[in-house]
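*Asks:*
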């Protein structure tokens, strides 16, 4: 069975701090994709990144970076110099076939 | 380009009433997904369609729930009769390719359903 665990239920930081959101996944498949989505207070789900199981290169996009480690089945997300606008719920998800399996989400609160 | 469109955005109904949620996927997308989000259970996949055909409805909670996709640009999720425990935010999402893990899913704004 496939499973995604986001152990951090809620994180609070002060603006400009760096913060890392953890994601651990379980799958028996050799080919799969991992995703991160953001759900701001307005409620919609916004796609952030996709990673395939054969590409373990870290990725950086502005203040966002992702660390994929197959050996530990982890796909962690770091926000550098956090801003109040980063406050949201962040979901990690695993895909196999057509379906996405989501983690429970991590609530990030960035205080000014 | 318009994203995934859902209607209504908010629905308040009384227990026992029929509720119909509507979704228009992104034009050209071949997969459509219905999710339910609650505090207790998080994001759950209810059903998904590839090329208008239901592929997996194992997440549909019970026979009171049904979904249809009569054409590539429209889908409905119906609850009959509704119960208070159905109160949740229902999301529709679409992705470009059918039978592909590769594509990200694009989500609509959701319908917040309250059953009194």
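Residue numbers (the numbering used here), protein chains in the order written: chain A, -16 to 95; chain B, 2 to 117.
Note that beta-carbon positions come from the ideal geometry of N, C-alpha and C, so glycine has one too.
#1: Output the boundary residues of the beta strand (DSSP E) element that contains residue -12 of chain A.
#2: Just to check my reading of the structure: residue 65 of chain A and residue 2 of chain A have Cβ atoms closer than 8 Å, yes? What is that Cβ distance to the nearest angstrom?
#3: If you drop the 5 nearest sequence neighbours on each side, which residues of the same chain put their C-beta closer than 8 Å to that of residue 38 of chain A?
#4: Can you tell me the Cβ-Cβ gap for residue 79 of chain B and residue 19 of chain B, rounded? I've got them flagged as a contact below 8 Å.
#5: Does the Cβ of residue 5 of chain B have 16 or more other Cβ atoms within 10 Å, making it buried, or fewer, making it exposed?
#6: Three-state secondary structure (DSSP) at residue 26 of chain B?
#7: With distance defined between alpha-carbon atoms, name the residue in B:115, B:117, B:44, B:71 nearest to residue 26 of chain B.
#8: Count the other C-beta atoms from every protein chain shown that fall within 10 angstroms of the C-beta of residue 98 of chain B, then say buried if there are 16 or more, exposed otherwise.
#9: Using the DSSP secondary-structure output, state which residues sit across from residue 48 of chain B in a beta bridge.
#10: If you reduce the DSSP assignment to three classes, tell me which class residue 61 of chain A lands in.
*Replies:* In short:
#1: Counting along the chain, the unbroken beta strand (DSSP E) around residue -12 of chain A starts and ends at -14 to -12.
#2: Residue 2 of chain A and residue 65 of chain A do touch by the CB rule: their CB atoms are close to 5 Å apart, below 8 Å.
#3: 51
#4: 7 Å
#5: buried
#6: coil
#7: Out of B:115, B:117, B:44, B:71, B:71 has the C-alpha closest to the C-alpha of residue 26 of chain B.
#8: exposed
#9: Answer is B:35, bridged to residue 48 of chain B.
#10: The answer is strand: DSSP assigns residue 61 of chain A an E or B state.
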